[in-house]
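Protein chains in written order, with the numbering used here: chain A, 2 to 394; chain B, 1127 to 1766.
Down below is the structure, laid out as structure tokens.
Listed below in structure tokens is the structure:
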């Protein structure tokens, strides 16, 4: 798998410091307006409009506010944030600083995936350099009264801590488990204060939007999904790696680009995403069709889809935080079902029951993990039923 | 439950919305919002949860992890409802209404989800209902019935996965029955601030565990049993000695006596379908006799005795501190009748064991009096006496097993029995408690006072002490200070209460105390400062204040009760519990007090007789010290 980029990402066209120099002279409302004009939606996968999140946090009352960068990139098949943090970390820090200007925060926290610990030295060095150059610290870039600094905090390996409220719990020193929403972090976040949690890529794009102007961003993509997006491509294709592609690209177009034209299915959005069969390769990758945080896993003609389902369900049985009943017990039941299918011991009626259970999990789980964990199972069962049934092992 | 400062809670703010908004908060008044639930409109204050709003309409939404005493969890998901415009179902217990909404509480999606959730819980819940202590009083069983569960859709365990932890004298844990609602955790960490239980591991391996998975006897559990009262199933229960007790009753050689505390009498009726707050004291006496107990005594007798001993001890400490200028005297003096509180202090504040009154709890005083004075008086061999205590308490089971509780020469109290266990014995004997004839307690301890009764409610010990101290020291009738001798400032469920009692005049030293102090002149002009707190979370705050040298460090006497509401909310009381139920029990207790002929401990004739005939060297004398006082163990939190 290739981990390096090909050098033609938009990020390479924005000079460090460029965005911040511009933002320094903007009012908070103008920064938020620029985000709004760009049509930017969160790159973590949920696609919540960034300007609305920032605006809510700006309007919320609090003696302190926080900007948190969600760098707990844990979705299976996702590695684009690592590339950004390796090659363009200054854009992320600038994005955090711009967000802080917009909402009135003094402290930023990067919640870094435990497995990315090797990046800390490089990131800390850069933070030190930023402080020297007054890109962080007191009166940033001479902007009177605007103090902002960033600290790096490590995750400890729990997938669920990528969920923003579990991340906040973890930051507060508690067991990483999602909170009830509402209240939302923009109102009651870290230490009970208004907090925005943004994905690494979202923050990097925020810097680009300020540097290049919202119109540039808005001109790319579809009606409802604006801008370019980074994709982590892996699996049965000739050229895996990190790609920057416009939102709205069809699966077929994407597969042609990466050398995966003979795929029989594609998992979009990682383990919590959905499995799309060949017959639907004309669908778009966009918030209005198939949303994703950027993970694309290509399955070639030889792949056994039941093994794929087994792999994903094992992952969720491992990673459910165990808090709510549907996710805690449901994933285990789905995995048990996959094992029964493998042995040819699952009746049609029980499979139907498991699919109904999957739907309950989507509806009744407490957080996004449980709500999306049955997606892969459900989409594989519905699209590859012939492949599932009648196994004799 | 009121606390000094709500914001100090561990629970993140998102879990604290059960206390938001305060209905009497002027800011919330006016900010009302209309919610449509199942087609009916209801106006509620901003921030009210869907669950609360539905309750107002009389719409029942099932719950499991929700509990009126605890912060919000939103984890079991049984209370999910459909909110128009939301993609997913919402947990009604955790969803504050902040905008007009339309809710459906029993749509097809909701019903199917609830059934699935129940099926999933049952797939991990080992055991058969008919072989379970909580059968017929189990929230899971009730829901399974409500939702027509007639098969185990996702299987059912055929073997137990976990060994039952029977290490504790007080509490047994059976994780095979746990459905992970986490009420016990929120009780232990947030309500009681003890923190013995937490979740470990993840996903379907998640379970409730102690520190390093140690047995409950080897961790800092204070045995309060509040977790038992809030467990929806039988995963937590008290250590039940009824089999041994029946065997003792059935043994003709054994003389089985029982003492009953005031709180079980105010709550036992709940186990027989009566409304909370229906006292059954005299029916219970009959029931106990019919069960086969040879004598039925009233713990209030030794509650009065406790007041005399503990009050005398306080006066002696004050004398040493004020007159003899002895700086080593530990003040404030803390009450010691709540064994949960005592163990809490031994673990969390081991440096303060000297502040605990050395007077034993009423239960243990009774135990040593029965096996000495009573045995002698009735010529019974103490080895043939089986002494049982009916208590609202789980920790009393631990207390009676403390090695130091053998001053009679025998185990002073053989069994601590909870209200729930006694109710089962009564029904096993085929008795319908409410319809039994009334009967009185047995002599020689039959006479008790209203002061003994109110030990059952938070503030009761303090009120009893004040009644006696005022009369013994000031030489005036307490009724001159407080109408009907109701010391209202120390009553009620406020988390911590503080009161001052100026001693403007003193009387002569009564005969019973004459050997201890020459006169009371040294107390003239002093102000007695007292405080009352219940629930160890409040005890935590008071103790931290004392450590910091705050206002409570200047108190002379502080009443601590481990359980919310005091003994009436004890860990051995009928399940369920809620603020309303505890308030009703308190009413019953105060009614029994005001109906008592004698209401002051120092006027109890049986107590006075005990001093004149047996404890002849008086309160805090040598004999009293041997039988009625004890010592404590600074345990700390690190247990090897």
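Positions of the beta carbon are idealized from the N, C-alpha and C atoms, including for glycine.
Keep in mind the model is a prediction, meaning the values are calculated, not measured.
C-beta neighbour in chain A for residue i, strict 7 Å
i, result
"residue 1147 of chain B", "Low per-residue confidence applies at residue 1147 of chain B: pLDDT is 42, beneath 50, and the placement is therefore not dependable, though the value from the model is reported in the following sentence. Chain A, which has no Cβ nearer than 7 Å to the Cβ of residue 1147 of chain B, makes this no."
"residue 1749 of chain B", "no"
"residue 1275 of chain B", "no"
"residue 1150 of chain B", "Model confidence at residue 1150 of chain B stands at a pLDDT of 49, short of 50, so the residue's coordinates are unreliable and nothing is read from them."
"residue 1206 of chain B", "yes"
"residue 1278 of chain B", "no"
"residue 1454 of chain B", "no"
"residue 1334 of chain B", "no"
"residue 1330 of chain B", "yes"
"residue 1131 of chain B", "Low local confidence applies: a pLDDT of 39 at residue 1131 of chain B is under 50, so the model's placement there is unreliable, and no value is given."
"residue 1214 of chain B", "yes"
"residue 1762 of chain B", "no"
"residue 1253 of chain B", "no"
"residue 1631 of chain B", "no"
Pair within 7 Å by beta-carbon distance, residue i and residue j
i, j, result
"residue 103 of chain A", "residue 32 of chain A", "yes"
"residue 1573 of chain B", "residue 1408 of chain B", "no"
"residue 1512 of chain B", "residue 1540 of chain B", "yes"
"residue 1685 of chain B", "residue 1587 of chain B", "yes"
"residue 1575 of chain B", "residue 1360 of chain B", "no"
"residue 1518 of chain B", "residue 1696 of chain B", "yes"
"residue 1701 of chain B", "residue 1355 of chain B", "yes"
"residue 1459 of chain B", "residue 1683 of chain B", "yes"
"residue 1661 of chain B", "residue 1388 of chain B", "no"
"residue 11 of chain A", "residue 229 of chain A", "yes"
"residue 99 of chain A", "residue 35 of chain A", "no"
"residue 381 of chain A", "residue 306 of chain A", "yes"
"residue 195 of chain A", "residue 61 of chain A", "yes"
"residue 15 of chain A", "residue 276 of chain A", "no"
"residue 1246 of chain B", "residue 1275 of chain B", "no"
"residue 76 of chain A", "residue 294 of chain A", "yes"
"residue 1327 of chain B", "residue 333 of chain A", "no"
"residue 151 of chain A", "residue 128 of chain A", "yes"
Beta carbon proximity, residue i to chain B, threshold 7 Å
i, result
"residue 310 of chain A", "no"
"residue 29 of chain A", "no"
"residue 372 of chain A", "yes"
"residue 318 of chain A", "yes"
"residue 293 of chain A", "no"
"residue 181 of chain A", "yes"
Spatially closest choice to residue i from the options, by CA coordinates
i, options, result
"residue 1629 of chain B", "B:1621, B:1604 and B:1614", "B:1604"
"residue 1555 of chain B", "B:1336, B:1375 and B:1287", "B:1375"
"residue 268 of chain A", "A:304, A:239, A:240 and A:330", "A:304"
"residue 1232 of chain B", "B:1294, B:1163, B:1298 and B:1297", "B:1163"
"residue 185 of chain A", "A:58, A:325 and A:386", "A:58"
"residue 1521 of chain B", "B:1462, B:1647, B:1334 and B:1420", "B:1462"
"residue 1165 of chain B", "B:1393, B:1557, B:1183 and B:1593", "B:1183"
"residue 140 of chain A", "A:164, A:178, A:170 and A:26", "A:26"
"residue 1467 of chain B", "B:1262, B:1252 and B:1318", "B:1318"
"residue 224 of chain A", "A:233, A:231, A:235 and A:247", "A:247"
Bridge partner(s) assigned by DSSP for residue i
i, result
"residue 138 of chain A", "A:149"
"residue 233 of chain A", "A:243 and A:296"
"residue 1167 of chain B", "B:1162"
"residue 1209 of chain B", "B:1229"
"residue 1364 of chain B", "B:1297"
"residue 110 of chain A", "A:69 and A:152"
"residue 1755 of chain B", "B:1485"
"residue 1324 of chain B", "B:1335"
Exercise for review: Count the C-beta pairs between the segment 1416 to 1432 of chain B and the segment 1445 to 1454 of chain B that are closer than 8 Å, then say yes if the count reaches three, no if not.
Suggested key: Judged by Cβ distances under 8 Å, the segment 1416 to 1432 of chain B makes no contact with the segment 1445 to 1454 of chain B, as fewer than three pairs qualify.
Point to revise | Inter-stretch contact at 8 Å, needing at least 3 Cβ pairs: the segment 1304 to 1319 of chain B / the segment 1186 to 1203 of chain B | key: With a cut-off of 8 Å, the segment 1186 to 1203 of chain B and the segment 1304 to 1319 of chain B count as touching, because enough Cβ pairs lie within range.
**Study point:** Given 8 Å, three or more beta-carbon pairs between the segment 1392 to 1409 of chain B and the segment 1359 to 1373 of chain B
**Key:** No contact exists between the segment 1392 to 1409 of chain B and the segment 1359 to 1373 of chain B.
Point to revise | contact_flag[the segment 339 to 350 of chain A, the segment 1215 to 1234 of chain B] where n(CB pairs < 8 Å) is 3 or more | key: Touching, no, given that fewer than three Cβ pairs across the two stretches are closer than 8 Å.
Exercise for review: Could you tell me whether the segment 237 to 245 of chain A touches the segment 279 to 293 of chain A, where touching means 3 or more Cβ pairs closer than 8 Å?
Suggested key: Judged by Cβ distances under 8 Å, the segment 237 to 245 of chain A makes no contact with the segment 279 to 293 of chain A, as fewer than three pairs qualify.
Review point. Does the segment 103 to 118 of chain A come within contact of the segment 152 to 159 of chain A, defined as at least 3 CB pairs closer than 8 Å?
Key: Touching, per the Cβ criterion.
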